[in-house]
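Asker: Just so we're aligned, residue 12 is where the sequence shown starts under the numbering used here, counting upward by one.
Yeah, the Cβ is synthetic: ideal placement off N, Cα and C, and Gly gets one too.
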Amino acid sequence: MYFKNICLSLVLIGLASSASAGLIIETDAQNRTIISWTGSCSDCLGTKGDNSFSDPIDVSGNIVVDGFTYGQDFRFNSSNLYSFQYDGPSNHVDNLIIYNAGYSSDDAWIDSSDALFSIIGRTDYSTSITGTVPPEGYYAEFGENLTVSGKITGNLESYFLSISFDTYVPVNSLTGEYIKMSTLVNTGEEALLTLITFDLEFFDDGTWYIRANDEAYDIGRNAQLSIAQVSEPATFGIFLLSLVAFSRARRAK
């Protein structure tokens, strides 16, 4: 059977929310807490892999967990981490929102990399990329084979966090390097998407990095955590990837 018109929807989020620092805990019915983080990045706007910190920039993001209580030590795992957000800015990595598809059986976020692999039976394919980037900004959103480990002290002063997940992302057909999806959305260009593994690590001494297939893309230090409250709801933008090459990929097998 040939696939002629199959579309994969990626939800890409532009956040219109602002956060106020301080010890304000934002929770919902699941007792989720937003832990904001800031840090310094050595290579985000420079040469990928440069760890000289000769021209660092400030970056930020947040971690949403279930069951954290300020003042009590907490262990991260695949059951209590709801999402991880990376706001950049970075020339190498998209702004990211990583949802944990294994957080709950009722969670709407599916493991799309497995679902896609089961359809096409291969780890790469070509597709035309279309969509409309909202004015609030571009966030590449994933919910993949996510594994989580780590811990944090109740006062947020000592921590370790390791997150790993896989997903299909655009890559350079010659070098195999990951390309930011935001550089291709709206272009209608055909791109090669490949299944790769991302690793995000935060260490107790404040160092951190984001790697794609074991290669460091963003390298940082001075990571600091705080509790913050999101004051406005997020604005969602929905984008479509037209998987025009599905039929071609199936015929080529």
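Between S63, I45, S47, T44, which lies nearest to S53 when the distance is taken from Cα to Cα?
Answerer: Nearest option by C-alpha distance: S63.
Asker: Just verifying my parser: in three-state terms, what is the DSSP assignment at Y149?
Answerer: Three-state result, Y149: coil.
Asker: From the DSSP output, read off the bridge partner residues of E201.
Answerer: S139
Asker: Near G165, what residues of its chain come up, given a Cβ to Cβ distance below 8 Å and the 5 sequence neighbours on each side ignored?
Answerer: T80, Y81, G82, Q83, D84, F85
Asker: Consult DSSP for I74 and reduce its assignment to one of helix, strand or coil.
Answerer: It is a strand residue.
Asker: Decide if I155 is buried, meaning its Cβ has at least 16 other Cβ atoms within 10 Å, or exposed.
Answerer: Per the sequence presented here, residue 155 reads as Glu, with Ile not at that position. Around the Cβ of E155, a 10 Å sphere holds 16 or more other Cβ atoms; the residue is buried.
Asker: In angstroms, rounded to a whole number, what distance separates the CA positions of L167 and N111?
Answerer: Roughly 22 Å separates the two Cα atoms.
Asker: Tell me which residue opens and which closes the beta strand (DSSP E) that D177 is part of.
Answerer: 170-182
Asker: Would you decide whether G132 is buried or exposed? Buried here means 16 or more other CB atoms lie within 10 Å of its CB.
Answerer: exposed
Asker: Decide yes or no for the touch test of the stretch 210-220 against the stretch 171-181: beta carbon pairs closer than 8 Å, at least 3 of them.
Answerer: The stretch 210-220, when compared against the stretch 171-181, does touch it at the 8 Å Cβ threshold.
Asker: Count the other CB atoms within 10 Å of the CB of E201; is the residue buried (16 or more) or exposed (fewer)?
Answerer: exposed
Asker: Using C-beta distances below 6 Å, list every residue in its chain close to S193, excluding the 5 sequence neighbours before and after it, in chain order.
Answerer: D105, Y149
Asker: If you count every other CB in all the chains shown that lies within 10 Å of the CB of L107, and 16 or more means buried, which is it?
Answerer: Buried, by the Cβ-count rule.
Asker: From G57, D66, N73, pick the residue whose C-alpha is nearest to that of S47; which is it?
Answerer: N73
Asker: Measure the CB-CB distance between D229 and I221 and report whether it falls below 8 Å.
Answerer: yes
Asker: Check whether the Cβ atoms of L206 and D135 lie closer than 8 Å to each other.
Answerer: yes
Asker: Helix, strand or coil: how does DSSP classify T186 here?
Answerer: coil
Asker: With a CB to CB cut of under 6 Å and the five nearest residues on each side skipped, what residues in its chain are close to V159?
Answerer: Around V159: F87, N88, S89, L92, I174.
Asker: Can you tell me the Cα-Cα spacing of E152 and I45, whole angstroms?
Answerer: 18 Å
Asker: By the three-class DSSP mapping on this structure, what secondary structure does T194 have?
Answerer: Residue state, collapsed to three classes: helix.
Asker: Relative to the alpha-carbon of A94, which residue among S51, G217, F176 has its alpha-carbon at the smallest distance?
Answerer: For the sequence presented, residue 94 should be read as Ser rather than Ala. Per the Cα distances, F176.
Asker: Mind checking L34: buried by the 16 CB within 10 Å criterion, or exposed?
Answerer: Model confidence at L34 stands at a pLDDT of 29, short of 50, so the residue's coordinates are unreliable; what they give is reported in the following sentence. By the 10 Å Cβ count, L34 comes out exposed.
Asker: Over the uninterrupted beta strand (DSSP E) stretch that includes Q96, give me the two end residues.
Answerer: 92-99
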